[in-house]
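If you want the numbering used here, it's the 1-based position in the sequence shown plus 365.
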Amino acid sequence: RGASASDDEVEDEAALKEASARGKEGRRFVRLGNLLRQRSRLKAAAIEYQRATDIVGITSPALHNRLAGVLLETGDVERAKAVLQKTVAVFPDDPHTHVLLGRLAVRDEAWAEAQKQYERVTWENPFIPEVHVALLTVADRLKDTALRAREERAVQLLMGHSQHTPSSALYIPEGQ
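See the structure below:
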């Protein structure tokens, strides 16, 4: 799972599949949450995702990452942290969970933690541009020239040798 529009659709489908395993009601809440999220009704989407997670429990990370991501976007950081801590405890290898934890660390300016989370993502999926752009910011903050050089190369490779390098650690490709 990464950060492109097609991956968003994959996440939507994964969350629906996860909820469907527990019955129609959970699936209905996820579907409504997805529709609300697509229409930028994030607080309402969070309510629906929460209803779905209450029914489904932690059976796969997709739904919980959806909930945590929406909570982050609405500014409900403490709830997002709580959801992510539960998710990472059950699914320690899920890259999207670590991307969200990395975003939290960047937000808190916890640079060593951000590096740890984003580097953990690269173990499972090294092809997410956001991760490498964030690691560029981390390298600058930690004054780590070796990390900076490695991540500059990764960004060049992932973004087609472009001269343009996004400056935000929370870079999200167009179409998100």
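Cβ atoms here follow ideal geometry from the backbone N, Cα and C, with glycine treated the same way.
Can Glu516 and Leu501 be called in contact, C-beta distance under 7 Å?
Within the sequence shown, numbered from 1, the residue matching residue 516 stands at position 151. Within the sequence shown, numbered from 1, the residue matching residue 501 stands at position 136. For Glu516 and Leu501, yes; Cβs fall inside 7 Å.
Please determine if the stretch 417-426 and the stretch 385-400 are in contact, where contact requires at least 3 C-beta pairs separated by less than 8 Å.
Yes: the two stretches touch, three or more of their Cβ pairs being nearer than 8 Å.
Which two residues bound the contiguous alpha helix (DSSP H) that contains Gly440?
Counting from one through the sequence shown, the residue named residue 440 turns up at place 75. Where Gly440 is concerned, there is no enclosing alpha helix (DSSP H), given that its DSSP letter is neither H nor E.
Give the list of continuous alpha helix (DSSP H) stretches no shorter than 4 residues that lie fully inside the stretch 397-442.
List check, alpha helix (DSSP H) in window: 407-421 and 426-439.
Would you call the stretch 438-446 in contact with the stretch 374-393, where contact means no fewer than 3 C-beta pairs closer than 8 Å?
No, because fewer than three Cβ pairs between the stretch 438-446 and the stretch 374-393 fall closer than 8 Å, the two stretches do not touch.
Glu484: first and last residue of the uninterrupted alpha helix (DSSP H) it sits in
Your numbering for residue 484 matches position 119 in the sequence shown. From DSSP, the alpha helix (DSSP H) with Glu484 extends over Trp476 to Glu489.
Mind checking Glu413: buried by the 16 CB within 10 Å criterion, or exposed?
Within the sequence shown, numbered from 1, the residue matching residue 413 stands at position 48. It counts as buried.
At the level of alpha carbons, what is the spacing between Leu449 and Thr462?
Your numbering for residue 449 matches position 84 in the sequence shown. Your numbering for residue 462 matches position 97 in the sequence shown. Rounded to the nearest angstrom, the two C-alpha atoms are 7 Å apart.
For Gly525, the first and last residue of its enclosing alpha helix (DSSP H)
As a working note, residue 525 is residue 160 in the sequence shown. First-last for Gly525: undefined, no H or E at that position.
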